[in-house]
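J.: Here it is, the structure, as structure tokens.
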Amino acid sequence: MEHNQLLSQVLVGPASDKNVCINYMSSFSFIKPQNGLWKEAKIAKVHARILDGITNLPAEVRENRHNMELVSLICNMIENCGIKNSEKIDKLKIDKKVLLIQIYKSLYGNLSPQDIETLQKNVEFLHDNGHIIKHAAWKLFAYSIGDWFKRKVF
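Each number in this note's numbering corresponds to the 1-based position in the sequence shown with 30 added.
Structure follows, in structure tokens:
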């Protein structure tokens with residue numbers, strides 16, 4: 031028997047009553063993580079998406095960890111990834127600077143306190159000078175449709 035059939039038998043009962051036997055594995059999509067679990071899941075999802083995008087870049091682009099263009103790219107990716115802190119209470123807000131530091135640790139290994147301080151100063155500089163831009167949702171949708179079309183057609 032498959033794993034799904036075994037699970038449905040455990041949840042519903044014996045397989046003799048086939049009308050009652052329901053595959054519950056596919057119906058868990060309505061259950062969403064809440065509160066702290068939601069926050070950790072969102073951080074992990076954003077972290078993985080950004081790491082995937084950065085690691086697809088050539089190694090020459092990633093070799094200088096203090097390159098302002100790389101910091102700007104990652105900050106803009108974080109800003110436009112769908113984190114909405116304005117609607118959350120304080121304990122559920124995601125600190126984007128901490129997320130940036132986690133991404134850098136994943137890319138470059140352990141960071142010294144001087145590296146972390148330099149990153150924080152660079153982020154402050156980028157923020158103060160308007161280099162971190164939040165794009166409108168319709169623009170992000172149009173870009174993703176265009177990207178999908180390029181991948182499927184070309």
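For each residue, glycine too, the CB sits at the ideal point set by N, CA and C.
1) Please confirm whether lysine 127 and glutamine 144 have their CB atoms less than 8 Å apart.
2) Excluding the five sequence neighbours on either side, which residues of its own chain have a C-beta within less than 7 Å of the C-beta of isoleucine 124, listed in chain order?
3) For histidine 165, name the three-state secondary structure that DSSP assigns.
4) Straight-line CA distance for valine 101 to leucine 129?
5) Between methionine 107 and the rest of its own chain, which residues show a CB-CB distance below 7 Å, the 5 nearest in sequence each way excluded?
6) Is isoleucine 61 helix, strand or coil when you go by DSSP?
7) Based on Cα-Cα distance, which residue from Asp120, Asn159 and Asn97 lies nearest to tyrosine 134?
8) Is the beta carbon of lysine 146 less than 8 Å from the beta carbon of cysteine 105?
9) In terms of residues, what are the limits of the alpha helix (DSSP H) holding aspartate 145?
10) For asparagine 110, which residues from the same chain have a beta carbon less than 7 Å from its beta carbon, with the 5 sequence-adjacent residues on both sides left out?
11) Taking the beta carbon of valine 76 as the centre, do at least 16 other beta carbons fall within 10 Å, making it buried, or is it exposed?
12) Three-state secondary structure (DSSP) at glycine 112?
13) So, with DSSP's three-state summary, where would you put aspartate 82?
14) Return helix, strand or coil for aspartate 125, following the three-state DSSP convention.
15) Please determine, among Asn159, Leu137, Lys182 and Gly176, the residue with the shortest C-alpha to C-alpha distance to valine 91.
T.: Looking at the coordinates:
1) no
2) Lys69, Lys72, Ile73, Ile113 and Asn115
3) coil
4) 12 Å
5) Ile80 and Gly83
6) coil
7) Asn97
8) The sequence shown places isoleucine at residue 146, rather than the lysine named in the question. Contact: no.
9) 143-158
10) Lys164, His165 and Leu170
11) buried
12) coil
13) helix
14) coil
15) Leu137
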